[in-house]
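Trainee: Residue 55 in my numbering is what sits at position 53 of the sequence shown, and the numbering runs on without skipping anything. Beta carbons: idealized from backbone N, C-alpha and C, even for Gly. All values reported here derive from a predicted model rather than from experimental measurement.
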Amino acid sequence: MHDRSLFVLFFVSFFIPSICAQEADSVSYPSMKISGTLKNKFEYASETGMSRFSVRNSRIGASGNINSFSGY
């Protein structure tokens, strides 16, 4: 009996959130997501108290969906 109740608990905790998430997923189109990364460098000279900052590389990206069958 203990094994059965453990199985039921596992089943409920694993599958119920996914069922609820499917009902809550309503995507409105168009959708857009912008992301980016920076590779930077910071140096500090403790003897003089001077510091400098530089950006070595930067990237920006955009992704999204125009409708249910096309995206970018």
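1. Which residues bound the beta strand (DSSP E) around tyrosine 46?
2. Residues in its own chain within less than 8 Å of serine 53 by CB, not counting five upstream and five downstream?
3. Should phenylalanine 71 go down as buried or exposed, given a rule of 16 or more other Cβ atoms within 10 Å for buried?
4. Just how far apart, CA to CA, sit isoleucine 68 and leucine 40?
Mentor: According to the structure shown:
1. Translated into positions along the sequence shown, residue 46 becomes position 44. Unbroken beta strand (DSSP E) run through tyrosine 46: 33-47.
2. By 1-based counting over the sequence shown, the position of residue 53 is 51. Excluding residues within five positions, the ones whose Cβ falls inside 8 Å are Phe44, Glu45, Tyr46, Ala47.
3. Position 69 of the sequence shown, counted from the first residue, corresponds to residue 71. With fewer than 16 Cβ atoms within 10 Å of its Cβ, phenylalanine 71 is classed as exposed.
4. Here residue 68 refers to the residue found at position 66 of the sequence shown. Here residue 40 refers to the residue found at position 38 of the sequence shown. Answer to the nearest angstrom: the Cα atoms are 28 Å apart.
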